[in-house]
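According to the working numbering, the sequence shown is numbered sequentially starting from 77. Just so you know, even glycine gets a beta-carbon here, dropped at the ideal spot from N, CA and C. Accompanying notes for the structure given below.
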Amino acid sequence: MESGEAVRHAHITGRELPSEDVVVPEPVAASRPWPVRLLYAIVGLGLFVSALGLMKEGAAALVPTLEGSIFTDSALSTLGLGWLGACLVMSGSPVAASALTLLDGGAITRTQAFTMLTGSRLGAAFVVLVVGVVYSLRRREQGSRRAPVSIGVLSLLMTAVVYVPGAFVGYLLLDRGVFDGVDIGSSPRLASFTDRAFGWLVDLVEGFAPTWSLFPIGVVVLLVGFQAFDRALPVPPSDRLESDGAWFTRKWPMFAVGCLVTLLTLSVSVSLTLLVPLVAKGHLRRANTLPYIAGANITTLADTLVAAILIGNADAVRVVVAVTVVVTAWTLVLL
77 MESGEAVRHA HITGRELPSE DVVVPEPVAA SRPWPVRLLY AIVGLGLFVS ALGLMKEGAA
137 ALVPTLEGSI FTDSALSTLG LGWLGACLVM SGSPVAASAL TLLDGGAITR TQAFTMLTGS
197 RLGAAFVVLV VGVVYSLRRR EQGSRRAPVS IGVLSLLMTA VVYVPGAFVG YLLLDRGVFD
257 GVDIGSSPRL ASFTDRAFGW LVDLVEGFAP TWSLFPIGVV VLLVGFQAFD RALPVPPSDR
317 LESDGAWFTR KWPMFAVGCL VTLLTLSVSV SLTLLVPLVA KGHLRRANTL PYIAGANITT
377 LADTLVAAIL IGNADAVRVV VAVTVVVTAW TLVLL
């Protein structure tokens, strides 16, 4: 047990597994004042919009390099590219946004962007498994080592069960033009405001950086932007999960919490990683996390949809809508 932590006994009720009493550490977490969070949110928004602009400009320069290469010669190649990219940057959202900007720049097709986005979701779930393994190495007890690893395995399996069948259906629907009638775009006023507020950073970087470097620079800026968003959002105290009503043992409340937490953190890697210490320290049972994971896999696409709208490419929006519709429908069937 880590120093500086108080302990208490908690009764954890499982939905499928038997109830049990566990010893739960109670770390004291410091929260940031709201002005600091507001500042982080503004910085994160600025970096997010600026990164999309940089990646959009840089994608056009990458077309000759990527066209016909091993990374973009088929839909399976872009699926692997999305998975590998998410593993390398330890997050799926920047890679999903990269797929949309590459589509807008003409480097990949609409169906390839679809599979690359799907691969980024699978890669993000793999990141949770890596985090679980690393976290388990810090635990001394054999039982507590299995818990965080099992969350990573559950996240990876749940994501695969939802996204792999959904990818087949969504690919066919998108290829046959089912979503061609979808037309969602940002208003000219919003586009004008974001250009005036944050476009200067794009112009500044374009002034001294070569065109080919704009895309990787944009990816780095996007990662920093997501970090700023993470600092702007409070992390709910884990002891709130232990209420007399035991709402966290029921399917739909946990599904809703998974949707909400992922919508707030803008990253399924972050929201699912939160489960690792909660299960390892006895706040949650593994069986209770499945609806949470299912909800997280849906709303993780919210920031990608916003990115598609800001890019202003109708096909990019249709790709995200296709993934969202099939994943949501299949998830609800499974639950």
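Annotation for Met234: Ala201, Leu366, Ile369, Ala370, Asn373 place their beta carbon closer than 8 Å to its own, counting only its chain and skipping 5 residues before and after. Per the coordinates, the alpha-carbon of Leu128 lies some 26 Å from the alpha-carbon of Pro111. By a beta-carbon distance limit of 8 Å, Val281 contacts Leu130. Their separation comes to about 6 Å. For a cut-off of 8 Å, the C-beta gap from Ile184 to Leu178 is around 5 Å, short enough to register as a contact. The three-state reading of DSSP puts Ser196 in helix, counting H, G and I together. Residue environment: Arg197 is assigned as buried (16 or more neighbouring CB atoms within 10 Å of its CB, all protein chains considered). Separation of Leu339 and Trp288 (C-alpha to C-alpha, rounded to the nearest whole angstrom) is 32 Å. Out of Leu336, Ala162, Ala117, Ile385, the CA that lies nearest to the CA of Thr375 is found in Leu336. Excluding sequence positions up to five before and after Val119, its CB lies within less than 7 Å of the CB of Ala304, all in the same chain and listed in chain order. Take the alpha-carbon of Gln188 and the one of Ser347: they are about 27 Å apart. Per DSSP, Val254 lies in no alpha helix (DSSP H) and is assigned neither H nor E. According to the DSSP assignment, Trp288 belongs to no alpha helix (DSSP H), since it is labelled neither H nor E.
In this structure, Ala308 sits away from Ala135, with a CB-CB distance that is not shorter than 7 Å.
Within the model, the alpha-carbon separation for Gly158 versus Ala172 is close to 7 Å.
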